[in-house]
Each structure stands twice: as structure tokens, then as C-alpha cells.
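Note that the protein sequences, when read in sequence, are chains A and B.
For the first sequence, numbering that gives the first Met the number 0 assigns the number 0 to the initial residue and increments by one for each residue that follows.
For the second sequence, numbering that gives the first Met the number 0 assigns the number 0 to the initial residue and increments by one for each residue that follows.
Below is one structure, written out as C-alpha cells, with a few remarks after it.
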Amino acid sequence: MKMIHLTIDDKSIIAPEGTNIFQAALDNNIYIPGLCYHPKLSQFGGCRLCYVEVTERKHTRHRFACAHPVSEGMVVKVNTTEVNRHRKTVMEYLLAHHELACPTCNKSGECGLQNIAHELNMSPGRFKTVRMSAPVIRDNPVLELNRNRCILCGRCVSACKEIEGVGAIDFQNRGFKTVIGTAFDRPLDCSFCGGCLAVCPTGAWQDRTLGFSGRPWEFESIPTICPYCSVGCTIVLNTKEGSVRRVVSNDKLGINEGNLCVKGRFGHEFIHSPERIKTPLIKKDGEFQPARWEDAIEMVSDKLKQIMEKHGGNVIGGIGSEKCTNEENYLFQKFCRTVLGTNCIDNISNMKAPFLNGLLYKSVERGFFTDSLKGIENANTLFFFGVDITEAIPVVGCMARKAIQLNSANVVIANPRNIIFKNTAKNDVRLTYSLGSQHILLNAIIKVIIEDKLVDLKKIESSTSNFSSLCSSVQNVSLSNAEQLSGVSLEMIRSAAKLLTKPGNCCIVYGKDVIEDPLGEDTIKTLLDLCALIDVSNHSDIHPGRASIFCSRYHNNSQGVNDMGVVPEFLPGYVDINDAANKEKIEKLWGIKFSGNIVSKNSFNLIDLAKNGNVKSLYVMGADPLTEYPNGNEIRECIKNIEFIVVQDSFMTETAKLADVVFPSSTFAEKEGTYTNTGFTTQRLNRAISPVGNAKTDWEIICDIAKKMGQSFSYREIKEITEEIKKAAPVYSGFSYDRLRRKEFHWPSLLLDKIGSNKYTFFAIRDKSLKVKGEKEFPLVLITGASMNHQGAYSAKSKALVSVAPECFVEINDKDAKDMQIKNGDMVMVESRQGKLKMRSKVTRKSPSGIVFVPDAYVNIPINMLIYQEYTPVKIYTVLDN
Amino acid sequence: MGEINTNVAEDETFDLSKAESILEKYKHIRGSLIPVLQAIQFEYGYLPEKVIDFVSGELNISVNEIIGVATFYAQFHLQQRGKHIIKACSGTACHVKGAKQIVEKLSEKLEVHVGDTTKDKLFTLEEVACLGACSLAPVIMVDEDVYGQLSHNTVGNVIDGIKS
């Protein structure tokens, strides 16, 4: 890229060609006043405040910095008498209109308009003030729009359209009557990401969750990591007097560039929810009684010791947490493996898909994760396979839209539903496949790629192994059969194959719909084959294109809990527990000897063991298997057989209700540690407030019990645990807790530096397909998935999120609804052979005919109670609404 | 290609077939919003809310953006308009000659405010800046016909004439 030399206010700077003066100044910490320009958004040029004096090609003129590109030898002056005179006049106009409500405006103190008025020392203007008196719009629970404070800079309109892809607001009317608003003055209908609020330079958009509980200058700002989905956005907690008052975003921090979703920005109220468990609870005669910490710890340690003496440690099961930090999960598995002497540990993500860890680690070794999630922004082709980006990982959607905007990326979306992903891509191919046909669809794409020679076959042959098996396996794929089974036309398959193999970076994201399919393992292997095909073919010295593949996991630390070895077959860092040398190494580090009874079978299954009555006690840290495990009835049956259950949680979850002892654990805002996101990036949490009530962090609780049981778990701070993780988990060996303050840690890149990427061996799995159909009595097929608005107990206890999305719903195709005489919004019963649940109907074309969709994120509607197999048949009928 | 319209029209009695055939023609052409809106206004007489929702889903443009465009241009109307459009001139010459009284009289006779349509959907009353017929001031235009040199006594006759 050509670099341009210019001078702004006597400072020589260099900027890439095509940059505007405003951005060049911003990059070099030179201040130019302005209210409408925003680095994340397209240039608008509406506020007229960034007026500067520009001398180029021997002419001195006045220009708007945001709308004028830099040129070689340009001299810019930001503060001349003439420039300031102009700026003051513009401000006079703006202030003549603006509702000067600074004393009661929440924006006061961080308001762009107020700051510039102050800088320019504005006095009462010459113009007659005509204040607007538009009514304040409060038609939704989280955002308030006061158009009397709006200066029509258009930032919110651009943010909504460009970043979120929604376009929930726009300029309405013309001239003096122009306002920001919705069509026909309808209530705001959007994802409530709050992007408008984040970019607004005045007090027009307000955060309703803040209310009037603090002023910007009173807040302490603590950046930390969002506790909801697996993207790992950086959020900034604003605290006052020891409580979290609001969440803001910072464009300069984290992988999300200040973009958040509704959960991240408005879902913080659970931290101070009155429903938090504040003291330890011991169940006596079926009722929970508050207890002192010492008593509860003593009781648990005594009881666990008793059980160990009677049956041995391996009858105790441990379920780790996808929501707790890496450090806590590390200690948890160490506690289970050393103190309790059991290897009967697991976490819910691994229970759902036990094959995933091995596959992910293998693909890391083969060099498919050269980049963090942010790499999506560099993609030229995006392939979303079986993942509802908008609902499951919304901020990845923002990154993808950035790729579409910057690199004109193409989009291929394969999903059993017509998912919504608003974008402006020139090519946006949607492959809506029938359930059970994902594997054959993928094989058909590979067949087209190989047969039409869309990739460099010779190169692939020479630099990979087992390519011939792949060729022969796809030879057997019948395209017409694939077309028929998947319901995707051959034309679409061909265009998808063409887009996927275009030169440049290809980014594949797969998710729940793939993983939790009966053919999930085979499909992921085939996806890796596809990724390898593209990667090897696209990558050369001239074309540095790469293919990368990401798995969309469910919780904030679903990756970390597996990295830390809270799974039966791996010690921390994917070290095989059956390997004697590894075992010895870890025994030395932990200073113990694994007792002979440590079970280390690969096919080890906590649920199976529990079902057979082989689990006498269960220790659950920060998980709610009763609502999260796919088969709700099965897990309920298992838990019934268990005599002693300990739960550490912040809320009284369904699992906690069945416990004998519940320890109150602190939430993310009250602790330090690290989370590893779905793109393998490890980021650091910062403690914002002291624990609520008598709650303790999960690691402190584990240490207390371990100590009581006579083991030395004498960690004083998080850093001591991270130091130990470095030694125990080879993949975390380059990890430094202190360095995380400045830069996030991405272990696959470091691992690759060490081992170099291996030659890829194709899995070459023959195409398979399933017939997924309803039954006579239960004609519809149920699928579940993520919701943008909710995720477990945290969101259910956040008032704002509950008011944004109060009710669980079932999505029914309009044709099916018509046949069943169900109208949109009717109260219906969803019934399977296992049970029934009442919820609202949502008639839409999102779900194809024959399929109904229910989000699995609402804790009050435990949809897993209906599920007894992948794709459970259900029936739906209307019921009375009460 | 692209996202399919997942919205389901709730009121099936509304006739969307005209909009469907318009969109058939323009659906795959980028930047065709204004021609689509013009064609819809031609067919329906205005831009009905339900049609706009349908267009939004089919063109994959948010309804807010469409209405943003529609409210920017004076040529688009979001309310059903009368069979006859009365444009009362309020230019300088007409103003001097008593245009204000003419508008008041029309408003009184038709029982509508400026910009609104009568209950029987026969007339829409609008005020315009200049019709370019200053020599005939004060002047009104009903559809394509110009009526000049009016007074507040005679303007009613024009309406009666059209009604009969």
C-alpha cells in the first residue's frame, strides 16, 4: 500500500493512501473535533465540525477532514482563527436546536457535543433558539431515544445497518422535519445490541438499564470478558459503590472492537439479582437451611471421605463448568483426580459431543487455526455450516459483515433452517438442506470441487496423504441422489463449490446443528477434508490465502474447560491420560501418585455409570446438567440414584435444587482468571466488585474443601494457578498471566511455531445420510438451538433481557401452522413421547415444513425434557392461554 | 440466491398480487427501490404499509430504510389519496390575491385539513408553492385542470362541478 507523507499541526505523519485526514489524525493522536465521523462506520460528512485548513498543491483551502483524502506533502491546520470561527457557527446552529438538558442527561460528562461546546467556549448564540419537543421514545426495555437531543449525525443509522446488518432505524422525513426513527413510528424491532447507543455522540440514545444510578465521572471502569456466549467479547463494567451499574464497550479493547450483543451490553443485572445464593445451604429434611461456611465445608469433606472409604473414590462423579474460568476448571479436575481419586469427570459440552476435542486438537496440529476469531475479518469466503451465527455468536456476525464490507467476501450458508444473517454480500448462497443430509451434501460439494478441478489437484496430491481415497470415496457420491436427499439443487451445490474455492482466505464456521447430528463426527471430519482441500490449493507464495475452520461452542469457556482436561480421557492440554509417561509427569508435578483405581477408559461415560448406580456422589461446579444435558429425563433418572450431591453455583438452578449442599459461588464480575473462547483465544478477567453476600469464587471453595480433606491446595492468588497450568498443559506453556493485560493468548499459533504443521491426511469418509421423519402420532421433528436473547440462568435473572424476550417460543412453518390451524402468537403445547411443554407459537418461514424449532436457552422451559434422541418427533396443538 | 423472506403476512385478505408482479420484474436488479416504489404507488395509489412490509422482505431492505426513502421524496404517499387531487397555490401572487381564504374555504367545504383526504376518498387537499400560473391568481389545480381567478365565493362551485 502506498504511504503518504503529510503534516498536521506541525507534526509529520505517514498515512496509507486513501485515508481521510480525520482518520490519519486519529491514528496519530491528533485531535480534530467532529461528531459524525466514526472509524468503524462509513463516512457521512454531516456534522460540519471537522473543518480544517488544507494546503495542497500550493493552494490553501478549507476542507472537511472526514471527507478529504490525504495527499503527498499536504499541510493541515486544525486550529486557525478562520477554522474556529466556522466551527463556532456550526455549534451555534446545533445548540440552537439541541435540548440543553445536561443537568439531567446521563450522557453529561462523556458527551461529544458538550465537550466540543466546552472546548470552543461557546456563549449563548446569536440565533433564536427553537427547541424541538418530540416525545421521548421508550417503547422497549433497554433503549431510550430522545430526539430532542439528536444532532442527526447518522452514526446510529450506519452502525445499525453496517455492523449489525439490521437497519432498525433510519432518517425519516426531510429538511427540518428529519428525525431518526422507525417506519410508521412502529416500536423498535431489532436485536437490541445497543450499537446505536455506543456510537451516539450526544444523549439521544440512553441505556435504560442504567436509569439514573450514576454519572459517568463517578464510575470506575473495569474491562473484563463477557460471561455469555463463546465469542469472548471484552466488556467494560462501570461500577459505583461496589455495584455494577452498566456495561459499556471500548472500540480499542478485545477482539470485538466495541461490538456487543444484547446479552453482553444489557444482561448484567443478574450480578446483583436478589435471587443470588448468598450463603452456603445444607439440605435438612428436604429443605435448604443457611449454614456457616466452616460447617458446610466440614460436612462436605466428611461425607466425601465417608463415601471414598466405603466405595473408593471412583464412585464420585465431577461435572466441570463451561462458565467458570480455566483456573477453576484446572483446580476442579486436579481436586477430583488427586483428592477424590476419581477420573469420573466430564463437562456438558464433552458429554454432548465426545469426539469434538480429539478432532479439534488434530485440526490444530494440522495448522487450521493460524488465526484467532478475528481472522474472520480477513476472509474472502465465509462458509457457515449448521450454525445460526446471528443467534448463537452474534458478534462473529459483525466480524463477518466487516469482511463482506472490506474484502467483498462471499457468503455460503448451509443450515437445515432458513436462518437470518443480514448482509450485503454480492454472492450469498443459501443451502437449506433436509435434516440428516448434511454429510452427503458436503460430499457432493467436494465431488464438484474435485471433478470440476476447482482446486489445484496436483498440488494437493503431492502435499497431502490419502488424497486418492478421498477421490475414490467421492466418486461414489451420486449428485442426483445428493440433490434429492438434501433438497438443495445441483445448481446451488455447484455455485457453493465455486465460491468456496475462490482464491483468498476461506473461513469455515460450524456449530450445533452439525455437532449434535448423529452424523456429526463424520461431518466434521469431512469439513476438515474440505478445509484442507481449500487451504492447500489456495496457499502459495504468491497467493497467501488460507482456509481456517472454527467450531462455535456454546458457553463462554466451553473451550477452556476442555483445554483444562475436565474430560475423562485427557489431562490438561489434551495429554492422553492412558500414556504412562504423561501420567508420571503429572504425578510428579502434583506430588501425588494416582491411585490404582483411577479409571481412564476412553469411552468412559458418567451418565452410563450413574444409570447403573455406579456413581454414589456427584460434585457439580457451575453447571446445570438438568437443563443443559440434551436428554432431560435420562439425566433426571441418573441423579435420582445419587446419594450425595454438591453444587457450586450463583443461582438456585434445577440441579442445585436436588443438591444436598449448595455453595454460593461468585459471578464473573467478582473474580479474576481467564476464559478461552471458541477461537482458542485466552483472555483475562478483571475483578470489578467484591463477592456478593457470602459468596466465594469457585477456586477458593475447592481449595477450602481440599484443605479440609488434608491436601495442600494452598493457592493464594490466580497467578499461582496459571503458573501451574503452564507446567501441566503443554499447549499453555507459552502462557503468561501478566502479559494477558496487554495481549490475548492464542495457543494454536504458538503450538504451530513449535511443531510446524503436519502433512494433512484425508479422512475420506464415504457419504452417509439419515432419513429424519416424524411419526404418525408425532408428525413434526423438533430441533433446538441458541437464542440471541437468552443463555441459561444468567440471562433469566437479568431483568432487561427478560423484558426484551419474555417468553420461550416454538417456530412453526406457516404451511404446517395453517394445517394445524395455529395462528402466530397462539399458546400451544409441544408434546413428545417423553413429556410436554407449553409455549407461544411463532409462525414463520424460518423453519421449513415438518420441522419445529425451540430455543434451548430459556431455563424456565427446559426443552430437553422432551428430547430422547436427536431429532425427536413431536406434535403441537393449541391450548388455552392462562 | 440470498436470504429468503421468512416473514409471514398475517392478513391474507390484502391483495399482494400486484406487488408480486412488480417485484418479479425488479427483484434481481440492485438499486431498484425507487422504481419499485413508483410502480407500487401507480398500482395502489399510495404505498400501503402491508405492501411495504412485503417489499422489504422480498428485496431484503429494511422497512425503515424504505420508508426513510419514501418520506424523503414528496412524490410518495403513505396514506390513501382521493380520486381527485386539489393543489391550492400559495405562491406570492396567489397569496396576495387571497390564497389563504381559498384554502380555508376548501378545507371547510371538504371537511379536511391540508394534506388529508376526504372521508369519501374523493378529494385530497394539498398546498403547493407555485403552479406557474400567476397571471390567473389565485389559482387551484384539480388533477390536470387549472382553475384561475377564483374567490372564496366561487371556489366551492369548482368542487360542486367535479362532484356532479
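Beta carbons: idealized from backbone N, C-alpha and C, even for Gly.
Looking at the strands, I want to know which residues DSSP matches up with residue i.
| i | result |
| --- | --- |
| E219(A) | T238(A) |
| R839(A) | F808(A), M826(A) |
| L430(A) | A413(A) |
| Y329(A) | In the DSSP output, where bridge partners are listed per residue, Y329(A) has none listed. |
| D169(A) | G180(A) |
| V53(A) | R60(A), V75(A) |
| Q682(A) | Y674(A) |
| V851(A) | L781(A) |
Quick check: is the beta carbon of residue i nearer than 8 Å to any beta carbon in chain B?
| i | result |
| --- | --- |
| Q305(A) | no |
| G166(A) | yes |
| Q404(A) | no |
| D766(A) | no |
| R207(A) | no |
| F466(A) | no |
| N601(A) | Low per-residue confidence applies at N601(A): pLDDT is 46, beneath 50, and the placement is therefore not dependable, though the value from the model is reported in the following sentence. It does not; no Cβ of chain B falls within 8 Å. |
| V487(A) | no |
| K845(A) | yes |
| N823(A) | yes |
| V619(A) | no |
| I724(A) | no |
| Q171(A) | yes |
| A182(A) | yes |
| V883(A) | This structure cannot speak to residue 883(A), because chain A is shown only from 0 to 881. |
| I419(A) | yes |
Within 8 Å (strictly less), CB to CB, does residue i reach chain A?
| i | result |
| --- | --- |
| E57(B) | no |
| E48(B) | yes |
| I39(B) | no |
| S61(B) | yes |
| I66(B) | yes |
| I3(B) | yes |
Considering just the uninterrupted stretch of the alpha helix (DSSP H) at residue i, what are its terminal residues?
| i | result |
| --- | --- |
| Q404(A) | 393–406 |
| D697(A) | 697–707 |
| K162(B) | 154–162 |
| T871(A) | First-last for T871(A): 871–877, but that is the beta strand (DSSP E), not the alpha helix (DSSP H). |
| I717(A) | 717–727 |
May I ask which residues mark the beginning and end of the beta strand (DSSP E) holding residue i?
| i | result |
| --- | --- |
| A87(B) | 83–88 |
| A668(A) | Taken as a continuous stretch (DSSP letters only), A668(A) belongs to no beta strand (DSSP E), as it is neither H nor E. |
| A378(A) | Taken as a continuous stretch (DSSP letters only), A378(A) belongs to no beta strand (DSSP E), as it is neither H nor E. |
| F643(A) | 643–648 |
| I7(A) | 2–7 |
| R779(A) | Sequence check: residue 779(A) is Leu here, not Arg. It spans 779–784 - the beta strand (DSSP E) in which L779(A) sits, taken as one unbroken run. |
| I12(A) | 10–15 |
| L144(A) | 142–144 |
Apart from the five residues just before and just after residue i, which ones in its own chain have a Cβ nearer than 7 Å to its Cβ?
| i | result |
| --- | --- |
| P140(A) | R207, A799, S802, V803 |
| K458(A) | V535, S536 |
| S407(A) | K425 |
| S602(A) | In this prediction, S602(A) has a pLDDT of 45, which is less than 50 and means its spatial position is unreliable; what the coordinates show is noted afterwards. None. |
| R62(A) | V51, V53 |
Leaving out the 5 sequence neighbours to the left and right, which residues in its chain are closer than 6 Å to residue i when beta-carbon positions are compared?
| i | result |
| --- | --- |
| F665(A) | The displayed chain sequence assigns Ser, not Phe, to residue 665(A). Closer than 6 Å at Cβ, skipping near neighbours: P690, A694, T696. |
| V135(A) | N145 |
| S320(A) | M620, G621, A622 |
| H267(A) | V243, V246 |
| I439(A) | A481, L484, D766, S768 |
| L751(A) | G366 |
| S362(A) | L527 |
Only counting the same chain, and skipping five residues up and downstream in sequence, which positions put a Cβ closer than 8 Å to that of residue i?
| i | result |
| --- | --- |
| C335(A) | I315, G317, T341, N342, C343, I344, Y618 |
| V809(A) | V827, V829, M838, R839, S840, K841, V851, F852, V853, I875 |
| K96(B) | A136, P137 |
Considering only residues of the segment 235–289 of chain A, which uninterrupted alpha helix (DSSP H) runs meet the minimum length of 4 residues and lie entirely inside it, listed in chain order? 261–265
In the segment 541–627 of chain A, which residue ranges form an unbroken alpha helix (DSSP H) of at least 4 residues, counting only runs that do not cross its ends? 557–562, 579–589, 605–610, 624–627
Report the residue ranges of all alpha helix (DSSP H) runs contained in full by the segment 500–546 of chain A; include only those spanning at least 4 residues, in chain order. 511–514, 519–537
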